[in-house]
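Sequences listed follow chains A and B, in order.
All residue numbers for the first sequence refer to the working numbering, where the first residue is 1 and numbers rise by one.
All residue numbers for the second sequence refer to the working numbering, where the first residue is 1001 and numbers rise by one.
Encoded as structure tokens, the structure appears first; notes follow it.
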Amino acid sequence: MRPSFNLTALHELRWYEFLLRFLFGGAITAVAGLIATKYGPIVGGLFLAFPAIFPASATLVEKHQRERKRKVGILDTKRGRQAAALDAYGTALGAVALFSFALIVWRLLPKMNWSLVLIFGTLVWTTVAVALWRLRKSPIWP
Amino acid sequence: VGQLIFRFLAGGVIVTVFAALADALKPKSFAGLFGAAPSVGLATLTFTSVSQGTAYAALEARSMMAGAAAFLVYACISSRMMLRWNWHAAQATIVAMTFWFGLSFALWYGFLR
């Protein structure tokens, strides 16, 4: 299945679901800053890869899938869990890309302009994530 | 307090944008990639590069690698809990969080301290 972008999927979301993610994301960013201030950048840096919104996202994926199936008369709750598990599988691939983002930023930040490094790091994250996702169905995938 | 509010707003906006992108994408395994987008990292590293300097931010990025390795294990365990053990997403993702904490602090203790 080819990746596709569907803006109408955003209409399914309720305002509090956006608010929840905003609050989670904001809170963990603020907490990471507080931890770095108190315990230093080495401990604080761990929280830059904290799964801040993943629990909320996976829960919403499960809930939306369950609601969609219920509308067409399927009451089986397994479908929702399967969709959330697939989402988690994609997130695991994204975590590998997140590692490459951190590696690039760590190596280049002391040598280059910080804004260019962060833009390049984001491009690396996107490239690695998409490449892993495409590779997962190839015969060379372990 | 000003710094904290700025971090909160920047983190909230970037995380919401990546999450909205994930919601609009199909299939689910592809959308899931955005669950590990560098949203908190971008907000924090931008702020620390400006306020504390790039050497300080680079140290944070080095620790972020340990956090990301723990995130990989965390996401795999969460997926398995849902698929094989039939746990609900909320249960699985919250219980598996202990693995993220355990592994990231073990890596910190072993390699970064």
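Idealized CB from N, CA, C, for every residue including glycine.
8 Å contact criterion, which residue i and residue j should meet: CB distance rounded
i, j, result
"SER57 of chain A", "GLY1035 of chain B", "5 Å"
"PHE1018 of chain B", "ALA1037 of chain B", "4 Å"
"GLY26 of chain A", "PHE1008 of chain B", "4 Å"
"ALA1010 of chain B", "GLY45 of chain A", "Incorrect: roughly 17 Å between the Cβ atoms, too far for contact."
"PHE101 of chain A", "GLY1041 of chain B", "7 Å"
"ARG81 of chain A", "ALA1089 of chain B", "7 Å"
"GLY1100 of chain B", "TYR1074 of chain B", "The question names Gly, but residue 1100 of chain B is Trp in the sequence shown. That belief holds up - the Cβ atoms of TRP1100 of chain B and TYR1074 of chain B are roughly 4 Å apart, short of 8 Å."
"VAL31 of chain A", "PHE47 of chain A", "7 Å"
"TRP125 of chain A", "ALA97 of chain A", "5 Å"
"LYS1026 of chain B", "GLY90 of chain A", "That pair is no contact at about 11 Å."
Counterpart residues of residue i in DSSP-defined beta bridges
i, result
"SER4 of chain A", "B:LYS1026"
Delimiting residues of the alpha helix (DSSP H) encompassing residue i
i, result
"SER100 of chain A", "78 to 108"
"ILE28 of chain A", "15 to 39"
"TRP1108 of chain B", "No alpha helix (DSSP H) contains TRP1108 of chain B, which DSSP labels as neither H nor E."
"ARG136 of chain A", "Taken as a continuous stretch (DSSP letters only), ARG136 of chain A belongs to no alpha helix (DSSP H), as it is neither H nor E."
"ALA9 of chain A", "Neither: ALA9 of chain A is in no alpha helix (DSSP H) and is coded neither H nor E."
"ALA58 of chain A", "54 to 71"
Point to revise | Contiguous alpha helix (DSSP H) assignments of at least 4 residues, all confined to the stretch 1022 to 1097 of chain B | key: 1028 to 1031, 1039 to 1051, 1054 to 1083, 1089 to 1095
Check your understanding: Do the stretch 1047 to 1064 of chain B and the stretch 1082 to 1092 of chain B make contact, defined as three or more Cβ pairs closer than 8 Å?
Key -> no
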